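Participant:
Number of protein chains: 4
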Amino acid sequence: MSDPKPLFVVLGVGNGQGTGGATARLFAKQGYRVALMGRDPERLQKFANELNASGGEAAAFPAASYGFEDVLAAFALILTYAWPSGGPSELRVALHNAGYAGPRKGLMDVTAAQLHDLAEVNVHAAFAFARASIEAFRTNALDARGKRGTLLFTGATGSLRGNTTTAAFSAGKFALRSLSQSLNKEFGKENIHVAHVVCDGPIMTDLQLERLPKEFTKDWGTNADIRLSAASIADAYWYLTNQDRSAWTWELDVRSAHEKW
Amino acid sequence: MSDPKPLFVVLGVGNGQGTGGATARLFAKQGYRVALMGRDPERLQKFANELNASGGEAAAFPAASYGFEDVLAAFALILTYAWPSGGPSELRVALHNAGYAGPRKGLMDVTAAQLHDLAEVNVHAAFAFARASIEAFRTNALDARGKRGTLLFTGATGSLRGNTTTAAFSAGKFALRSLSQSLNKEFGKENIHVAHVVCDGPIMTDLQLERLPKEFTKDWGTNADIRLSAASIADAYWYLTNQDRSAWTWELDVRSAHEKW
Amino acid sequence: MSDPKPLFVVLGVGNGQGTGGATARLFAKQGYRVALMGRDPERLQKFANELNASGGEAAAFPAASYGFEDVLAAFALILTYAWPSGGPSELRVALHNAGYAGPRKGLMDVTAAQLHDLAEVNVHAAFAFARASIEAFRTNALDARGKRGTLLFTGATGSLRGNTTTAAFSAGKFALRSLSQSLNKEFGKENIHVAHVVCDGPIMTDLQLERLPKEFTKDWGTNADIRLSAASIADAYWYLTNQDRSAWTWELDVRSAHEKW
Amino acid sequence: MSDPKPLFVVLGVGNGQGTGGATARLFAKQGYRVALMGRDPERLQKFANELNASGGEAAAFPAASYGFEDVLAAFALILTYAWPSGGPSELRVALHNAGYAGPRKGLMDVTAAQLHDLAEVNVHAAFAFARASIEAFRTNALDARGKRGTLLFTGATGSLRGNTTTAAFSAGKFALRSLSQSLNKEFGKENIHVAHVVCDGPIMTDLQLERLPKEFTKDWGTNADIRLSAASIADAYWYLTNQDRSAWTWELDVRSAHEKW
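Protein chains in written order, with my numbering: chain A, 178 to 438; chain B, 178 to 438; chain C, 178 to 438; chain D, 178 to 438.
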């Protein structure tokens with residue numbers, strides 16, 4: 178019987194151009210099956226198609242919402258999915274990359290609906306995703322580096338500091354960072370590695386190029402010194418995944434070489 | 178026409194024995210009207226009665242839930258309340274002291290219902306309470322110390338560190354701490370002071386005396402060196418409330434003299 | 178026999194206009210004898226004279242340098258000093274307020290002499306001052322708040338963050354902050370309280386008014402919202418000194434109401 | 178003319194068994210020339226011999242002390258050294274791994290001599306080493322990852338927290354961490370990468386096996402889950418060295434999988 182193929186699951190990939198997408202691409206290229214979770218079935222499928230077209234093996238597992246039960250339900254489908262190439266899979270790496278994408282405004286502009294979304298992304302979905310991932314990891318044998326699995330979380334500047342227009346965004350990111358630390362401490366002894374990456378600065382994506390002032394982004398395309406790139410963040414996740422049990426990282430920060438901070 | 182009487186509002190007072198209760202008592206003693214918010218009308222009323230019986234002026238404003246709208250609705254009643262002693266009030270100090278009181282257990286024991294409660298207390302109610310408080314402060318003149326109002330948040334050890342059995346508790350407390358920092362930065366320029374107190378250790382209350390191992394608490398009653406007392410935390414809130422505009426504190430920690438940390 | 182008079186010692190008062198001076202003034206006004214330590218005998222004496230002229234009781238104890246032994250030697254003189262008003266003293270509060278005042282420049286401009294000064298102020302003098310203070314506190318009875326003494330340290334923005342022109346300044350301030358935390362943990366159980374105040378922003382003094390760009394300071398004199406004032410920081414030290422044993426603070430930050438941070 | 182060979186310099190390698198030694202071995206294996214700096218000429222030479230015997234190219238550059246000028250003088254010799262294999266070198270990576278090795282005791286046991294050593298290791302030597310490294314990096318072209326050089330610092334648990342027996346150790350480690358952050362911010366724009374690794378726990382070395390209680394270390398040799406290994410920390414330095422300019426890390430932590438923290 179064939180060895181199980183390693184499986185990577187990511188929650189939150191948007192249009193595939195950001196951190197989640199780049200990490201999915203990297204793990205696909207490294208031979209992982211890729212399960213894509215999110216709320217937009219169409220975008221997920223489109224990105225799965227892209228990965229499949231370029232030699233990867235990916236499938237979309239949309240969640241009806243980022244509520245606790247909906248995330249668990251979508252996750253459960255991953256574990257029983259029959260991959261086209263056949264043979265068993267083993268969930269090895271899980272990345273929570275969903276982010277609250279509400280507007281950056283002051284307290285008075287934060288709505289109940291935005292808070293609902295914020296809490297779903299950073300609390301309800303995060304706990305459900307972590308739980309399902311770790312339950313799956315627990316069934317794995319140790320790999321060559323002494324791990325049963327790696328659970329990754331995408332942080333941001335707002336994970337470390339609240340600021341004038343980030344009351345909502347940061348509250349969620351603080352919660353997520355806390356969760357990653359609690360889980361690192363709780364599950365290390367089961368050889369399950371939980372890590373958090375603080376992406377300190379906006380990542381070069383179509384969305385940011387559109388959203389941010391031109392003055393700020395105008396040289397991103399030509400100057401690698403000033404853009405925080407999703408592909409390089411993916412490299413950080415790859416590094417964390419492959420750390421030996423004798424030196425695991427909980428948290429690292431990343432920013433472009435010339436970033437002022 | 179008489180000067181308005183200063184008004185203090187606190188969200189989360191439990192049975193009145195903890196931080197919220199002690200702070201309410203102190204502000205009542207200092208001449209503030211006291212508005213008590215929480216989810217249990219009976220307990221609120223009982224504590225209001227206690228404050229009124231000992232010379233204070235207090236009233237209960239129960240919220241139907243810690244959802245955003247319910248908190249706003251309960252808060253609105255405070256601002257139009259006709260106090261028995263007559264004459265206008267001015268909201269001067271608001272304390273968010275509600276805490277997620279779920280069990281301290283590992284990730285696998287955290288339920289969807291607990292996460293719902295956690296998010297309500299630390300996100301939905303917190304944003305609503307902050308918003309309503311600051312809206313009220315904005316209508317105030319500057320006081321003698323150069324303030325329109327003071328918004329206070331109760332933190333805990335879990336505000337700074339996640340740990341093996343505090344995945345849920347800490348996620349909420351991190352979120353709350355972030356909110357307090359964002360708001361400090363956003364509203365300082367309007368002379369509204371937002372502060373966060375990290376209570377590093379269990380506070381001596383009936384609940385903790387019941388919940389914690391006897392071995393840990395057995396000398397609390399007789400040894401002031403080893404108990405973190407609610408009345409002393411109230412002193413910290415009083416100090417923060419009265420800081421001059423030329424040196425405002427965002428955060429301070431408190432623990433008993435002999436606490437190991 | 179008369180009760181001993183409480184004694185306050187401060188290391189680093191400059192010309193008396195900054196934090197050290199304001200705190201000395203406040204403690205003198207509150208009935209403390211004041212021992213002034215520093216490296217400039219003339220300035221110390223001048224400030225002692227000022228305090229004495231306004232009803233305080235102060236004396237100068239210059240150290241030959243901020244080397245370990247020189248600080249211990251100067252400190253020893255305080256403990257045997259015969260105060261003009263007669264009767265015994267008891268050292269109750271000690272404030273390390275000495276700061277490295279070298280230029281804010283990049284790494285390449287930091288000289289060996291500046292590093293020598295930096296290390297003396299923040300390491301050698303700090304350890305000597307802490308040691309002598311705590312040795313004296315140990316001989317005290319508990320006061321009404323359950324303390325034998327309070328050891329205070331003045332921090333700065335640079336205590337929390339290194340930055341492009343503060344490689345030297347911050348290295349020293351980080352070291353000092355660490356010392357304050359270690360000592361808080363080590364001596365709390367002896368009822369000796371160690372605390373650290375992060376002064377986040379330049380304090381309004383003649384020196385800063387001269388050093389900083391006019392554009393930045395031009396309204397300090399008339400606008401209390403934008404100046405961090407030494408007298409208010411002194412209030413923070415007074416508050417910390419008088420905290421009850423059941424809720425001691427290790428660290429608090431202070432900044433002006435309108436400070437951007 | 179031949180391309181210059183990449184050069185790695187490390188300050189502090191002890192007997193070669195710890196972090197400095199493991200990192201030197203890894204860089205030697207990866208084709209770097211290795212310059213060993215420290216205070217003990219004999220140990221340095223012995224370790225250089227070991228590296229040379231196993232196919233590396235290493236040389237010893239002892240400093241007369243960890244004073245500022247002595248470190249600069251020893252460093253200068255590296256840059257003009259004629260390596261046996263001939264041809265030019267280019268300093269590409271520098272690791273400050275020197276640590277204050279004084280006893281872990283309370284404040285009252287810290288001596289002036291220990292403070293002197295502490296300040297030399299963490300302040301005087303650190304600034305001199307950083308300065309000389311960065312001056313050398315500035316003369317380099319960008320490499321394939323967009324860097325002129327990488328300056329690394331070894332941190333510890335004591336870099337983040339002072340504790341009851343680490344007043345001295347932590348003061349130094351805090352200072353060093355601050356320096357690394359300041360320099361990251363100052364020199365990123367020159368494409369010089371400065372990073373700090375927090376080694377959270379004792380590293381398995383002969384020294385620690387001897388120093389720590391047997392009960393604590395008895396299974397280190399057989400259980401990779403509970404030992405923090407120098408070779409894995411070296412992997413972290415290798416990863417940091419090879420990060421692309423679009424996502425540089427200032428700080429990461431490492432600990433063994435089962436470490437309680």
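Just so you know, even glycine gets a beta-carbon here, dropped at the ideal spot from N, CA and C. Bear in mind that the values here come from a model prediction, so they are computed numbers and not experimental data.
#1: Counting only beta-carbon atoms, is Ser242 of chain C nearer than 9 Å to chain D?
#2: Please name the residue, chosen from D:Thr196, D:Ala235, D:Gly189, D:Asn226, that lies closest to Arg216 of chain D on a Cα-to-Cα basis.
#3: Which residue from A:Leu284, A:Val300, A:Leu254, A:Ser423 puts its Cα closest to that of Ser266 of chain A?
#4: If you measure from the beta carbon of Asp421 of chain B to each beta carbon in chain C, is any gap under 9 Å?
#5: Return the bridge partner residues of Phe185 of chain B from the DSSP annotation.
#6: Could you spell out the range, first to last residue, of the beta strand (DSSP E) harbouring Gly197 of chain C?
#7: Gln358 of chain C to Gly378 of chain B, Cα distance in whole Å?
#8: Return the residue from the list B:Arg322, B:Pro280, B:Ala305 that minimises the CA-CA distance to Leu249 of chain B.
#9: For Met285 of chain B, go through chain A and note every residue whose CB falls closer than 7 Å to its CB, in chain order.
#10: Which residues, taken in chain order from the segment 358-376 of chain C, show a beta carbon closer than 7 Å to some beta carbon of chain D?
#11: Counting only C-beta atoms, is Ser406 of chain D closer than 9 Å to chain A at any point?
#12: Using the C-alpha atoms, what's the distance from Glu387 of chain B back to Asp402 of chain B?
#13: Taking the alpha helix (DSSP H) that Leu417 of chain B belongs to, which residues open and close that run?
#14: Given that a residue counts as buried once 16 or more other Cβ atoms are within 10 Å of its Cβ, and exposed if not, what is Gly339 of chain D?
#15: Might you give, ordered along the chain, the residues of its own chain that have their beta carbon closer than 7 Å to the beta carbon of Ala303 of chain B, omitting 5 neighbours on each side?
#16: Counting only Cβ pairs nearer than 8 Å, list the residues of chain B close to Ala434 of chain C.
#17: Within 9 Å (strictly less), CB to CB, does Leu429 of chain A reach chain D?
#18: Report the three-state DSSP secondary structure of Ile311 of chain A (helix, strand or coil).
#19: With distances taken between CB atoms, is the gap from Thr342 of chain C to Glu367 of chain D smaller than 9 Å?
#20: If we ignore side chains and look at the alpha-carbon of each, how far apart do Asp412 of chain A and Gly323 of chain D end up?
#21: Excluding sequence positions up to five away, which residues of its chain have a Cβ less than 8 Å from the Cβ of Asp421 of chain C?
#22: What are the residues in the segment 212-229 of chain A lying within 7 Å of chain B by C-beta distance?
#23: Nearest-angstrom Cα distance between Thr334 of chain C and Glu312 of chain D?
#24: So for Gly233 of chain A, helix, strand or coil by DSSP?
#25: Can you give the Cα-Cα distance for Gly208 of chain A and Arg269 of chain A, rounded to whole angstroms?
#26: Short of 8 Å in beta carbon distance, which residues of its chain neighbour Asp383 of chain C, apart from the five on each side in sequence? Order them along the chain.
#27: Output, in sequence order along the chain, the residues in the segment 339-357 of chain D whose CB is closer than 7 Å to any CB in chain A.
#28: Checking the sheet assignment: what are the DSSP bridge partners for Pro239 of chain A?
#29: Which residues does DSSP list as the beta-bridge partners of Leu328 of chain D?
#30: At which residues does the beta strand (DSSP E) containing Glu428 of chain B begin and terminate?
#31: Find the nearest neighbour of Asn419 of chain C within the set C:Lys395, C:Leu319, C:Pro218, C:Glu436, judged by alpha-carbon distance.
#32: For Val300 of chain A and Ala296 of chain B, what's the separation of their Cα atoms in angstroms?
#33: His273 of chain D CB to nearest chain C CB: under 9 Å?
#34: State buried or exposed for Glu219 of chain C, treating a residue as buried only when at least 16 other CB atoms are found within 10 Å of its CB.
#35: With a threshold of 8 Å on Cβ separation, who are the neighbours of Leu284 of chain C within its own chain once the five nearest residues in sequence on each side are excluded?
#36: Please confirm if Gly335 of chain A has its CB atom under 9 Å from at least one CB of chain B.
Facilitator: Reading from the atomic positions:
#1: no
#2: D:Gly189
#3: A:Leu254
#4: yes
#5: B:Val211, B:Val270
#6: Careful: Gly197 of chain C lies outside any beta strand (DSSP E), inside the alpha helix (DSSP H) at 196-206.
#7: 17 Å
#8: B:Ala305
#9: Arg308
#10: Gln358, Ser359, Leu360, Lys362, Glu363
#11: yes
#12: 20 Å
#13: 407-418
#14: buried
#15: His273, Leu353, Leu356
#16: Gly323, Lys324, Gly365, Lys366, Asn368, His370, Arg422, Ser423, Trp425
#17: yes
#18: helix
#19: no
#20: 16 Å
#21: Arg322, Gly323
#22: none
#23: 28 Å
#24: coil
#25: 12 Å
#26: Asn192, Gln194
#27: none
#28: A:Gly215
#29: D:Ala271, D:Val371
#30: 428-431
#31: C:Leu319
#32: 7 Å
#33: no
#34: exposed
#35: Ala344
#36: yes
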